[in-house]
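Residue numbers (my numbering): 1 to 243.
Right under this line is the structure:
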């Protein structure tokens, strides 16, 4: 059995992220060659909506921010209102995602579950959530948790999406950039937002890292940056969340 430790242990950089965007598009190929493959019953469906059960907690946590001294500066009043709007858009987002071209997805493609080999082959582990999803899904989860799971440097998200969309278009034989952008944005507005505003913020309110200011700051930075990223992509996904 091959030891993947050295591959998975390599540092993540913006250049490596660009290669990942290029390689992730290749997951479109199996379903394109054999459409029946995507009908296999054990594949997960609508992974972007897997955490919608956290939406009520997300609303409650947002409402509680103004009353908690440690958290009241996390978002502005306008941002809180916009985040409520995004949480309320979950059903609309899922319906819109269902109209996008589909692809095989890893389902949990993050820097923790991926690495690039010496020849720039993308190596993926932990396929527990493998499934069928909209194009752009895997790139969305990767970007969403890039910094949280040790990625270095700032990502140029539009450039990454352009790389992925062009590669996908070459494989599909059609311009797929808009569809990929909608799928990518949808992940940030569902999967990423629901996890951060639900269990992520709940854990802080219950005392997570209360004795470790550094870890608490990092956790809150992930919540804030992930939520602001969702707001930045909201219009692409068709959500009017003015902020």
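Glycine included, each C-beta is placed from N, C-alpha and C at the ideal position.
For residue i: DSSP bridge partner residues
i, result
"residue 133", "103"
"residue 260", "With the chain covering only 1 through 243, there is no way to say anything about residue 260."
"residue 45", "132"
Same chain, Cβ closer than 8 Å to residue i, neighbours up to 5 away in sequence not counted
i, result
"residue 205", "61, 64, 68 and 71"
"residue 4", "115, 123 and 125"
Proximity below 8 Å, CB of residue i to CB of residue j
i, j, result
"residue 47", "residue 115", "no"
"residue 146", "residue 42", "no"
"residue 44", "residue 135", "no"
"residue 49", "residue 16", "no"
"residue 154", "residue 177", "no"
"residue 171", "residue 180", "no"
"residue 183", "residue 100", "yes"
"residue 97", "residue 186", "yes"
"residue 173", "residue 111", "no"
"residue 27", "residue 105", "yes"
"residue 38", "residue 102", "yes"
"residue 21", "residue 160", "yes"
Residue i, enclosing alpha helix (DSSP H) - first and last residue
i, result
"residue 89", "Careful: residue 89 lies outside any alpha helix (DSSP H) and carries neither H nor E."
"residue 114", "Residue 114 -> not in any alpha helix (DSSP H); beta strand (DSSP E) instead, spanning 114–116."
"residue 157", "157–172"
"residue 58", "55–64"
Own chain, CB closer than 7 Å to residue i, minus 5 neighbours either side, in chain order
i, result
"residue 80", "62 and 65"
"residue 188", "140, 144, 229, 230 and 233"
"residue 202", "57 and 61"
"residue 84", "59 and 62"
"residue 236", "181, 182 and 185"
Spatial neighbours of residue i in its chain, beta-carbon cut-off 6 Å, leaving aside the 5 residues before and after
i, result
"residue 23", "122"
"residue 58", "87, 197 and 198"
"residue 216", "209"
Residue i: first and last residue of the uninterrupted beta strand (DSSP E) it sits in
i, result
"residue 231", "Per DSSP, residue 231 belongs to no beta strand (DSSP E); it is in the alpha helix (DSSP H), 213–233."
"residue 123", "122–124"
- prompt: Do the region 111–126 and the region 189–208 make contact, defined as three or more Cβ pairs closer than 8 Å?
  reply: Contact between the region 111–126 and the region 189–208 is not established, with fewer than three Cβ pairs separated by less than 8 Å.
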